[in-house]
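Student: In the UniProt record's numbering, the protein residues as written are 1 to 108. Cβ coordinates follow ideal geometry from the N, Cα and C atoms, glycine included. Nothing here was measured: the structure is a model prediction, and the numbers come from that model.
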Amino acid sequence: MTIEEAQKTVDNWIQTTGIRYFNELTNMAMLTEEVGEVARIIARQYGEQSFKESDKDKVLADELADVLFVVICLANQTGVNLTEALQRNLEKKTLRDTDRHRNNEKLK
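(1) Quick one: residues in its chain with C-beta nearer than 6 Å to the C-beta of L86, no 5 flanking neighbours on either side, listed in chain order?
(2) DSSP three-state call for R44: helix, strand or coil?
(3) Using three-state DSSP, classify I19 as helix, strand or coil.
(4) Please report the straight-line C-alpha distance between G36 and E63, rounded to a whole angstrom.
(5) On the criterion of 16 or more Cβ atoms from any shown chain inside 10 Å, does I19 qualify as buried, or is it exposed?
(6) Which same chain residues, not among the five before or five after L74, have their C-beta less than 8 Å away from its C-beta?
(7) Quick check on DSSP: helix, strand or coil for Q77?
(8) For the alpha helix (DSSP H) containing I3, list its first residue and its last residue.
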């Protein structure tokens with residue numbers, strides 16, 4: 001699925017199953033919640049914390065997909081074409097960071 005297809009698929013799901021988009025502030029709060037859930041899994045799976053019994057059924061892929069879903073919702077409702085935005089962002093990063101990363105002693 002391309003990013004464009006994902007944006008259309010999420011929009012269709014919202015229109016048919018979700019009824020309507022939550023407002024932007026609600027979706028921003030939901031994005032924060034979902035990122036927190038990703039952080040919780042990462043801290044336990046790759047960090048030094050141990051899983052609580054209630055967290056053992058959490059799957060990183062599912063939580064990352066939740067983050068992506070809400071990001072797509074925010075993009076759709078604010079008129080952002082994520083394909084174009086990502087292309088522009090990668091161009092910006094390439095121009096800005098190519099030498100910076102090559103010259104970073106910590107990355108060698």
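Tutor: Once the coordinates are examined:
(1) Within its own chain, no residue has a Cβ closer than 6 Å to the Cβ of L86 once the five positions on either side in sequence are excluded.
(2) Three-state result, R44: helix.
(3) Collapsing the DSSP output to three states places I19 in coil.
(4) For G36 and E63, the distance between alpha carbons rounds to 9 Å.
(5) I19 comes out exposed.
(6) If the five residues before and after L74 are omitted, its C-beta is found closer than 8 Å to the C-beta atoms of E24, N27, M28, L31, V80, all from its own chain and listed in chain order.
(7) Helix at Q77.
(8) Counting along the chain, the alpha helix (DSSP H) containing I3 begins and ends at 3-13.
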